[in-house]
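Asker:
Protein chains: 2
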Amino acid sequence: MTGTETDSDSPAPSHRRSDATRATILTAARERFAADGYERATIRAIARDAKIDPSMVMRYYGNKEGLFAAAIDIDLRLPVPEKVPKEDVGRIFVEHFVDLWEKNEVLTALLRVGVTNAAGAERMQGIFKEQLLPVALRVCPDPEQSRARAALVASQMLGMALTRYVLRFPPAVDLHREEIVAWLAPTVQRYLTAPHPG
Amino acid sequence: MTGTETDSDSPAPSHRRSDATRATILTAARERFAADGYERATIRAIARDAKIDPSMVMRYYGNKEGLFAAAIDIDLRLPVPEKVPKEDVGRIFVEHFVDLWEKNEVLTALLRVGVTNAAGAERMQGIFKEQLLPVALRVCPDPEQSRARAALVASQMLGMALTRYVLRFPPAVDLHREEIVAWLAPTVQRYLTAPHPG
DNA sequence: AGTGTTGGCCAACGAATGTTGGCAACCTGG
DNA sequence: CCAGGTTGCCAACATTCGTTGGCCAACACT
Chain A
1 MTGTETDSDS PAPSHRRSDA TRATILTAAR ERFAADGYER ATIRAIARDA KIDPSMVMRY
61 YGNKEGLFAA AIDIDLRLPV PEKVPKEDVG RIFVEHFVDL WEKNEVLTAL LRVGVTNAAG
121 AERMQGIFKE QLLPVALRVC PDPEQSRARA ALVASQMLGM ALTRYVLRFP PAVDLHREEI
181 VAWLAPTVQR YLTAPHPG
Chain B
1001 MTGTETDSDS PAPSHRRSDA TRATILTAAR ERFAADGYER ATIRAIARDA KIDPSMVMRY
1061 YGNKEGLFAA AIDIDLRLPV PEKVPKEDVG RIFVEHFVDL WEKNEVLTAL LRVGVTNAAG
1121 AERMQGIFKE QLLPVALRVC PDPEQSRARA ALVASQMLGM ALTRYVLRFP PAVDLHREEI
1181 VAWLAPTVQR YLTAPHPG
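Encoded structure:
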């Protein structure tokens, strides 16, 4: 139904003249999704940012959902737990996540969209299940608890991202990187490795 | 500009025939905002739920923002910190918040709207500043740090609400009330009362 | 009874959105 | 040089949205 099926992932790079346009669209889309969420990030606004016609977005990405899927492609690149000292895993994780959030707006875009769009929420569930959960399974003392422990870690990391980058609570925005790490690292460390409380 | 100015907050209750309709609209609005967020919660859908005409919503609440303001009126009723033992403040807070989230959907609505709507985000900042911050100021050992400590508490509580009630990560949904309290209470306790780390 | 007020619905407007098809300009390979 | 595909824009579509104004019935008060 989408019509022209482009060989977007052919082994040879196959430079097209439109590759630059495609990339520009994706960048603009990421910024808009991060700033406005799914509904308010209109194709027309994204096209305006990319200085092209809205119909180009449709031709290259099929529809709005396809554009979102192409724009939000996330690899958390979580550290390998076996290679870090067990008592530092909390700090390393928090540092890694803070760097991820600060570096680019893809995660902010995903968070904003995940809250209002079902597809976005499913994407977040997928990232959680396929990237955070396996790592937690290798860190936690009891595999049975790793699902809950990973959820706790996600709640704290996403909560900080929410208050700091989306809701922009002033005290959360004012926190320095080192403060966030100093406060959150023990929390994550406990969620991952401490014995079950109560 | 809104025209008919109703005496909505007159000292006498002044029962109007339309009070039931007004309440029905607010209930439907809360449900829709909680389920769909600001943009996708259309006035038409809310009116359909309330079994009245969309124009009634406009007449009673002026416009969509007015409806939102009327629907999301939140008093966290946080416990008075002087009345609870200092070592239990974390547990009491977590229990209180979990009960709040479970009891009604107003907080879910506010969270969903706060992420995509500027007015919603400002409302959340206001609730944080006027309800959580003053309490933190009375609990924290050092008043200078109370802003940061309150932000940390908010990040953990909102993060759990986000993963559990909005994104619905399965492991977060499966957590029992007692588990949440057991895991989060020490975190909140530390954020509020422990000495500054690092 | 009669008069003004309130509660409610219907129909419509203007704007914005995702999406589509057609058409001109450009490049590319023979 | 020229045919075929690619890139891009323009104009339009159907739909949906928030919002408005008019109309009618039910009520309240004197």
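If you read the sequences in order, they're chains A and B.
In terms of the numbering used here, the first sequence opens at residue 1 and continues consecutively.
In terms of the numbering used here, the second sequence opens at residue 1001 and continues consecutively.
We put the CB at the ideal spot given by N, CA and C, even for glycine.
Answer with yes or no whether the minimum CB distance from B:E1039 to chain A is below 7 Å.
Answerer: Interface residue, yes.
Asker: Using CA coordinates, which residue listed in B:L1067, B:G1037, B:E1095, B:D1075 is at the minimum distance from B:L1111?
Answerer: Among B:L1067, B:G1037, B:E1095, B:D1075, the Cα nearest to that of B:L1111 belongs to B:G1037.
Asker: Could you tell me which chain B residues have their CB closer than 7 Å to the CB of A:T193, listed as they occur along the chain?
Answerer: The premise fails here: A:T193 is roughly 13 Å from chain B at the closest Cβ pair, so nothing lies under 7 Å.
Asker: Taking only beta-carbon positions, decide if B:Q1156 is within less than 7 Å of chain A.
Answerer: Yes - at least one Cβ of chain A is within 7 Å of the one on B:Q1156.
Asker: Cα-Cα, which of A:N104, A:A150, A:E39, A:I180 is closest to A:G120?
Answerer: Ranking A:N104, A:A150, A:E39, A:I180 by Cα distance to A:G120 puts A:E39 first.
Asker: With distances taken Cα to Cα, identify the nearest neighbour of B:A1034 among B:V1080, B:E1122, B:T1108.
Answerer: Nearest of B:V1080, B:E1122, B:T1108 to B:A1034, Cα basis: B:T1108.
Asker: Note the first and the last residue of the continuous alpha helix (DSSP H) segment covering A:R91.
Answerer: 89-103 is the extent of the alpha helix (DSSP H) around A:R91.
Asker: Decide if B:R1032 is buried, meaning its Cβ has at least 16 other Cβ atoms within 10 Å, or exposed.
Answerer: By the neighbour-count rule (16 or more Cβ atoms within 10 Å), B:R1032 is buried.
Asker: Residues of the stretch 1110-1134 of chain B in Cβ contact with chain A at a cutoff of 7 Å, in chain order, please.
Answerer: Under the 7 Å Cβ criterion, the stretch 1110-1134 of chain B contributes R1112, G1114, V1115, T1116, A1121, M1124, Q1125, F1128.
Asker: Is B:S1055 helix, strand or coil by DSSP?
Answerer: Residue state, collapsed to three classes: helix.
Asker: For the candidate residues B:D1099, B:I1052, B:W1101, B:V1188, whose alpha-carbon lies nearest to that of B:A1148?
Answerer: B:A1148 has its Cα closest to that of B:V1188, out of B:D1099, B:I1052, B:W1101, B:V1188.
Asker: Rounded C-beta distance between A:R118 and B:F1169? I'm assuming under 8 Å.
Answerer: Residue identity check: residue 118 of chain A is Ala in the sequence provided, not Arg. Actually they do not touch by this definition, with Cβ atoms about 14 Å apart.
Asker: For chain A, find out if any of its Cβ atoms is closer than 7 Å to the Cβ of B:V1166; answer yes or no.
Answerer: Yes - at least one Cβ of chain A is within 7 Å of the one on B:V1166.
Asker: How would you label A:G126, buried or exposed, when you count the other beta carbons within 10 angstroms and need 16 or more for buried?
Answerer: Exposed, because fewer than 16 other Cβ atoms sit within 10 Å of the Cβ of A:G126.
Asker: Mapping the DSSP letters down to three states, classify B:S1010 as helix, strand or coil.
Answerer: Legend: pLDDT at B:S1010 = 37, less than 50; position of this residue unreliable, value from coordinates given subsequently. It is coil, neither helix nor strand.
Asker: In whole angstroms, give me the CA-to-CA distance for A:A41 and B:V1166.
Answerer: Whole-angstrom Cα-Cα distance: 20 Å.
Asker: Quick one: is A:W101 near chain B, going by C-beta distance under 7 Å?
Answerer: Not an interface residue.
Asker: Between B:A1172 and chain A, is the shortest Cβ-Cβ distance under 7 Å, so that the two count as touching?
Answerer: Yes, contact with chain A.
Asker: Could you run through the stretch 18-36 of chain A and flag, in chain order, every residue whose CB is less than 8 Å away from some CB of chain B?
Answerer: Hits within the stretch, in order: D36.
Asker: Whole angstroms are fine: how far does the CA of B:R1091 sit from the CA of A:D142?
Answerer: Distance between the alpha carbons of A:D142 and B:R1091: 25 Å.
Asker: Compare the C-beta of B:L1107 against all C-beta atoms of chain A and say whether one is closer than 7 Å.
Answerer: No - not a single Cβ of chain A is within 7 Å of the one on B:L1107.
Asker: I need the DSSP call for B:G1062, collapsed to helix, strand or coil.
Answerer: Note: B:G1062 maps to coil in three-state DSSP.
Asker: How should A:M23 be labelled, buried or exposed, when 16 other C-beta atoms within 10 angstroms of its C-beta is the threshold for buried?
Answerer: Met is not the amino acid found at residue 23 of chain A; the sequence shown has Ala there. By the 10 Å Cβ count, A:A23 comes out exposed.
Asker: At a CB-CB cut-off below 8 Å, which residues of chain B make contact with A:L175?
Answerer: Neighbours of A:L175 on chain B, chain order: A1148, A1151.
Asker: Go ahead and pull the three-state DSSP assignment for B:T1042.
Answerer: Correct three-state label for B:T1042: coil.
Asker: If we call anything under 7 Å between Cβ atoms a contact, is A:R138 one with A:P81?
Answerer: Yes, the pair counts as a contact, with Cβ atoms nearer than the cut-off.
Asker: Between B:S1055 and the rest of its own chain, which residues show a CB-CB distance below 7 Å, the 5 nearest in sequence each way excluded?
Answerer: So no residue of the chain qualifies.
Asker: Between B:F1169 and chain A, is any beta-carbon pair separated by less than 7 Å?
Answerer: Taking Cβ atoms only, chain A reaches closer than 7 Å to B:F1169, which makes this a yes.
Asker: Just tell me which of B:R1016, B:H1015, B:K1051 has its CA closest to the CA of B:I1025.
Answerer: Of the listed residues, the one whose Cα sits closest to B:I1025 is B:K1051.
Asker: Taking 7 Å as the CB-CB cut-off, is A:L67 touching chain B?
Answerer: By this cut-off, A:L67 is not an interface position.
Asker: Taking DSSP as the reference, what is the three-state secondary structure of A:T2?
Answerer: For A:T2, the predicted structure reports a pLDDT of 36, less than 50, and the residue's modelled location is therefore unreliable. The matter cannot be settled from this model.
Asker: Contact check, B:I1180 vs B:M1160 under 8 Å by CB: the rounded distance?
Answerer: Right, their Cβ atoms sit about 7 Å apart.
Asker: Please look up how many angstroms separate the CB atoms of B:W1183 and A:P186, rounded, as I've assumed it's under 8 Å.
Answerer: With a Cβ gap of about 13 Å, B:W1183 and A:P186 do not count as contacting.
Asker: Rounding to the nearest angstrom, what Cα-Cα distance links A:A69 and A:Y191 in this structure?
Answerer: Roughly 31 Å between the two C-alpha positions.
Asker: Over what stretch of residues does the alpha helix (DSSP H) that includes B:R1147 continue unbroken?
Answerer: First-last of the alpha helix (DSSP H) with B:R1147: 1146-1161.
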